[in-house]
Amino acid sequence: MKMLMKGMTVAILLAGLMSFTAQATVFTQLATQDTSLKPYKVNNNYNGTGWGFRVSDENPDAAIGGDVYTGIVGGFTLPDLGGENLVSATLRLETINPAGSWLDPDGNGTVEIGAYRLGSAWDETTATWNTPSPGWGAPGVAGTASTPVDIQLTTHTPAVHWEEWNVTTDVADMYANIAPNYGWMLQVENPGDGRIWFNRHENGEAGTAQLVIETAPIPEPGSLFLLGTGLLSLVSFVRRKRS
Numbered sequence: 005m006k007m008l009m010k011g012m013t014v015a016i017l018l019a020g021l022m023s024f025t026a027q028a029t030v031f032t033q034l035a036t037q038d039t040s041l042k043p044y045k046v047n048n049n050y051n052g053t054g055w056g057f058r059v060s061d062e063n064p065d066a067a068i069g070g071d072v073y074t075g076i077v078g079g080f081t082l083p084d085l086g087g088e089n090l091v092s093a094t095l096r097l098e099t100i101n102p103a104g105s106w107l108d109p110d111g112n113g114t115v116e117i118g119a120y121r122l123g124s125a126w127d128e129t130t131a132t133w134n135t136p137s138p139g140w141g142a143p144g145v146a147g148t149a150s151t152p153v154d155i156q157l158t159t160h161t162p163a164v165h166w167e168e169w170n171v172t173t174d175v176a177d178m179y180a181n182i183a184p185n186y187g188w189m190l191q192v193e194n195p196g197d198g199r200i201w202f203n204r205h206e207n208g209e210a211g212t213a214q215l216v217i218e219t220a221p222i223p224e225p226g227s228l229f230l231l232g233t234g235l236l237s238l239v240s241f242v243r244r245k246r247s
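When the letters of the sequence shown are read in order and numbered with our numbering, they come out as residues 5 to 247.
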């Protein structure tokens with residue numbers, strides 16, 4: 005009889021766990037737009053130039069060229085969650101490694117880059133620092149978030165790899181219609197910190213920026229009941245066995 009009770013307890017517990025831990029769904033959405041903006045050449049459009057799109061802060065002195073670029077990436081389609089909960093959202097960018105693609109003046113092996121949610125609609129073929137509205141390419145201007153949703157210490161080891169930013173809170177706001185879905189701006193956080201290049205969508209899907217969204221089913225009341233019943237039964241069984 006005790007063995008039967010034990011088996012029933014385990015069965016109830018497993019049923020609850022199986023229902024409660026239903027498999028997550030992962031969507032990988034690809035960017036359809038990416039380019040760089042330069043604050044010291046406010047009317048230049050850099051779409052389709054170079055190997056990819058550049059994010060750098062090598063010399064903030066505008067008088068001698070000011071090699072500062074912010075990158076912008078977007079055009080992600082948000083998938084229908086189908087009634088599931090948003091678990092996480094990750095912005096992924098692939099680094100590229102042509103000659104001169106990486107610069108690390110302080111030699112610490114990293115370039116600190118923040119991801120800022122964009123608040124203005126844009127087109128990669130016309131976007132400049134001053135377009136679509138004056139200074140829109142700077143954090144906190146024209147609706148662009150004033151603080152980064154995440155900061156990543158990007159590296160050059162290995163030379164070609166994927167860097168990731170946690171953008172879950174931004175994507176949750178997009179689904180809730182609190183924030184628009186215009187993508188993100190990437191900016192070097194510390195003046196003179198260095199340079200990195202990321203792959204652009206024109207080079208093919210394999211290296212195109214990704215927005216990876218993970219969802220999970222909302223637990224049904226019956227699943228929670230089964231799980232709770234199983235746990236209570238197991239605790240009760242253990243106590244009786246000890247006594």
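All C-beta atoms in this analysis are idealised placements derived from N, C-alpha and C, irrespective of residue type, glycine included.
Contacting residues, own chain, Cβ-Cβ under 7 Å from residue i (five flanking each side not counted)
| i | result |
| --- | --- |
| threonine 114 | Leu157, Thr158 and Thr159 |
| tryptophan 106 | His160, Arg199 and Ile200 |
| threonine 32 | Gln214 and Val216 |
| alanine 119 | Leu95, Pro152, Val153, Asp154, Trp169, Val171, Trp188 and Leu190 |
Residue nearest to residue i in terms of C-alpha spacing, selected from the options
| i | options | result |
| --- | --- | --- |
| alanine 149 | Ile217, Asn49, Phe57 and Ile76 | Ile76 |
| threonine 283 | Ala176, Pro223, Gly187 and Val192 | Residue 283 is absent from the model: the chain starts at 5 and stops at 247. |
| leucine 82 | Met189, Ala180 and Gln27 | Ala180 |
| aspartate 154 | Asp108, Glu193 and Val46 | Glu193 |
| isoleucine 117 | Leu215, Ala93, Asp197 and Thr212 | Asp197 |
| isoleucine 182 | Thr132, Arg121 and Thr135 | Arg121 |
| glutamine 27 | Ser40, Asn49, Val91 and Asn48 | Val91 |
| asparagine 101 | Phe57, Tyr50 and Asn51 | Phe57 |
| proline 109 | Glu62, Trp55 and Phe80 | Glu62 |
| alanine 176 | Asp84, Asn48 and Ser40 | Asp84 |
| glycine 104 | Asn47, Gly211, Thr132 and Ser60 | Ser60 |
| glycine 78 | Ala131, Pro195 and Glu224 | Ala131 |
| proline 43 | Trp55, Pro195 and Trp133 | Trp133 |
| valine 46 | Pro143, Gly211 and Thr135 | Thr135 |
Exposure of residue i, with buried meaning 16 or more beta-carbon neighbours within 10 Å
| i | result |
| --- | --- |
| glutamate 209 | exposed |
| histidine 205 | buried |
| leucine 34 | exposed |
| alanine 125 | exposed |
| valine 72 | buried |
| asparagine 1 | Outside the shown range of the chain, which is 5 to 247, sits residue 1, and nothing can be said about it. |
| asparagine 203 | buried |
| glutamate 128 | buried |
| alanine 163 | exposed |
| aspartate 38 | buried |
| alanine 93 | buried |
| glycine 111 | exposed |
| alanine 211 | What sits at residue 211 in the sequence shown is glycine, not alanine. It counts as buried. |
| asparagine 49 | buried |
Where residue i falls: helix, strand or coil (DSSP)
| i | result |
| --- | --- |
| asparagine 47 | coil |
| aspartate 71 | coil |
| threonine 81 | coil |
| asparagine 89 | strand |
| leucine 107 | strand |
| glutamine 37 | strand |
| isoleucine 217 | strand |
| leucine 122 | coil |
| isoleucine 117 | strand |
| glutamate 128 | coil |
| glutamate 224 | coil |
| glutamate 62 | coil |
| isoleucine 76 | strand |
| threonine 135 | strand |
| threonine 29 | strand |
Contact set for residue i: own chain, Cβ-Cβ below 8 Å, skip 5 residues either direction
| i | result |
| --- | --- |
| alanine 67 | Residue placement at alanine 67 is poorly supported in this model, since its pLDDT is 48, which falls under 50; the coordinates still yield a value, given next. So the list is empty, once near-sequence residues are dropped. |
| glutamate 88 | Thr29, Thr219, Ala220, Pro221 and Ile222 |
| methionine 178 | Leu82, Pro184 and Asn185 |
6 Å Cβ shell around residue i - same chain, five flanking residues per side excluded
| i | result |
| --- | --- |
| serine 137 | Ala146 |
| glycine 139 | Val145 |
| tryptophan 166 | Arg96 and Glu98 |
| threonine 74 | Leu41, Gly141, Met189 and Gln191 |
| glutamate 174 | Checking the sequence, you will find aspartate at residue 174 rather than glutamate. Closer than 6 Å at the Cβ level, and outside the excluded window around aspartate 174, lie Arg121 and Val153. |
| glycine 123 | Gly147 and Thr148 |
The ligand COA heavy atom lying under 7 Å from the CB of residue i
| i | result |
| --- | --- |
| alanine 146 | This structure lacks the ligand COA, and indeed carries no ligand of any kind. |
Any C-beta of chain B under 8 Å from that of residue i
| i | result |
| --- | --- |
| glutamate 209 | Absent from the structure is chain B; it holds one protein chain and no more. |
query: Fully enclosed by the stretch 141 to 213, which alpha helix (DSSP H) runs are 4 residues long or longer?
result: Runs of the alpha helix (DSSP H) inside the stretch 141 to 213: 172 to 179.
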